[in-house]
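**Q** Would you mind keeping the following structure in view while I ask a few things?
What follows is the structure, encoded as structure tokens:
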């Protein structure tokens, strides 16, 4: 059995502080970048010396970063800490943030031990996309024009190797175990749904994002799945499989009223296509007020 790390508030509250906390007045609560776009830090944690909450405010709706709704303890991305205006590029298009994650490591046949991991992330102030993530040493440097020169290295090109939705969905289909598929999906979205979608716009990846949402729902992460589905429903309101997936996830989180609305839309769309015979039995039963079945493709 290999070691595994759980980064969750559930575990964080059981840890002793790993480093001295710093008063929040040593850090800006807001970084303002190009076009007035902002990163807003809040919920200072004295024990761990970092901001618990980070939101990006840009051209569209604001979104929370390093956070997945419904993930254990609602702290899937760990703690975001220590950024400053010195980390903002002269053109205000990129900012570096230092991120710290805490958790427990479970060595085989041994007691769990405290773990701390430190990262340096480059965030686009145009979109909120995390362009690249490296070890915390990458934040030790300075801007030379609009290029970041690492003190003991070269120019950081911010060329992250994040997998696109289409490539990820294709790979995930090959996984035999559902738990592996779910964990891989959660890892893919570790910067937050909004931030990942800022890197890979849903307008160009509707089918792949629908698959990703389904993998989350299949693993019981319906709140995160709904965050994806809701974005897709604005872009592709007539996509029939999406209507069913949204309905199933709303049903799973106890919002039967909303679920029935999408079930009704799905049934109507399938009937118009001449595919009424392919409507899952649970749709008919749930519209009739009878709970049955599970979330399936």
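Residue numbers (this note's numbering): 1 to 297. Don't be surprised by glycine CBs; every beta carbon is placed ideally from N, CA and C. A quick note: this is a predicted structure, and the numbers were derived from the prediction, not measured.
Answer yes or no: do residue 125 and residue 57 have a C-beta to C-beta separation smaller than 8 Å?
**A** Taking the chain shown and counting its residues from 1, one reaches residue 125 at position 125. Taking the chain shown and counting its residues from 1, one reaches residue 57 at position 57. Not closer than 8 Å, so no.
**Q** Excluding sequence positions up to five away, which residues of its chain have a Cβ less than 6 Å from the Cβ of residue 146?
**A** Position 146 of the chain shown, counted from the first residue, corresponds to residue 146. Once the five neighbours on either side are set aside, the close Cβ partners of residue 146 are 89, 90, 91.
**Q** Between residue 208 and residue 236, is the Cβ-Cβ spacing less than 8 Å?
**A** What you label residue 208 is simply residue 208 of the chain shown in a count that begins at 1. What you label residue 236 is simply residue 236 of the chain shown in a count that begins at 1. Not closer than 8 Å, so no.
**Q** Whose C-alpha, out of 179, 61, 95, 67, is nearest the C-alpha of residue 30?
**A** Residue mapping note: residue 30 aligns to position 30 of the chain shown, counting from 1. Nearest C-alpha to residue 30: 95.
**Q** For the alpha helix (DSSP H) containing residue 222, list its first residue and its last residue.
**A** Residue 222 sits at position 222 when you count from the first residue of the chain shown. Residues 222–235.
**Q** Give a yes or no on whether the C-beta atoms belonging to residue 123 and residue 97 are separated by under 8 Å.
**A** Indexing the chain shown from 1 puts residue 123 at position 123. Indexing the chain shown from 1 puts residue 97 at position 97. Yes, Cβ-Cβ distance for residue 123 and residue 97 is below 8 Å.
**Q** Is the beta carbon of residue 229 closer than 8 Å to that of residue 172?
**A** In the chain shown, counting from the first residue as 1, residue 172 sits at position 172. In the chain shown, counting from the first residue as 1, residue 229 sits at position 229. No, Cβ-Cβ distance for residue 172 and residue 229 is not below 8 Å.
**Q** Candidates 258, 280, 225, 143: which alpha carbon is nearest residue 267's?
**A** As a position in the chain shown, residue 267 is number 267, starting the count at 1. The residue with the shortest Cα to Cα distance from residue 267 is 280.
**Q** Between which two residues does the beta strand (DSSP E) holding residue 31 run?
**A** On the chain shown, position 31 is the one that residue 31 refers to. Unbroken beta strand (DSSP E) run through residue 31: 30–32.
**Q** According to DSSP, is residue 121 part of a helix, a strand, or is it coil?
**A** The sequence position of residue 121 within the chain shown is 121, counting from 1. Residue state, collapsed to three classes: strand.
**Q** For the beta strand (DSSP E) containing residue 214, list its first residue and its last residue.
**A** By 1-based counting over the chain shown, the position of residue 214 is 214. It is not in any beta strand (DSSP E) - residue 214 instead sits in the alpha helix (DSSP H) that spans 206–218.
**Q** When you compare the segment 180–198 with the segment 124–143, are there three or more beta-carbon pairs, one atom per stretch, that lie closer than 8 Å?
**A** A contact exists between the segment 180–198 and the segment 124–143.
**Q** Going by alpha carbons, who is nearest to residue 161 out of 113, 134, 153, 70?
**A** Locating residue 161 in the chain shown gives position 161, where the first residue counts as 1. Among 113, 134, 153, 70, the Cα nearest to that of residue 161 is on 134.
**Q** With a CB to CB cut of under 8 Å and the five nearest residues on each side skipped, what residues in its chain are close to residue 232?
**A** By one-based count along the chain shown, residue 232 stands at place 232. The residues are 202, 206, 209, 210, 213, 239, 242.
**Q** Can you tell which of 34, 50, 275, 181 has its C-alpha closest to the C-alpha of residue 41?
**A** The residue given as residue 41 occupies position 41 in the chain shown. Considering only alpha carbons, the answer is 50.
**Q** Would you mind listing the beta strand (DSSP E) stretches within the segment 144–173 that are 3+ residues and don't spill past its ends, in chain order?
**A** Runs found: 147–150.
**Q** So, with DSSP's three-state summary, where would you put residue 45?
**A** The residue labelled residue 45 in the question sits at position 45 within the chain shown. Residue 45: strand per DSSP, three-state reduction.
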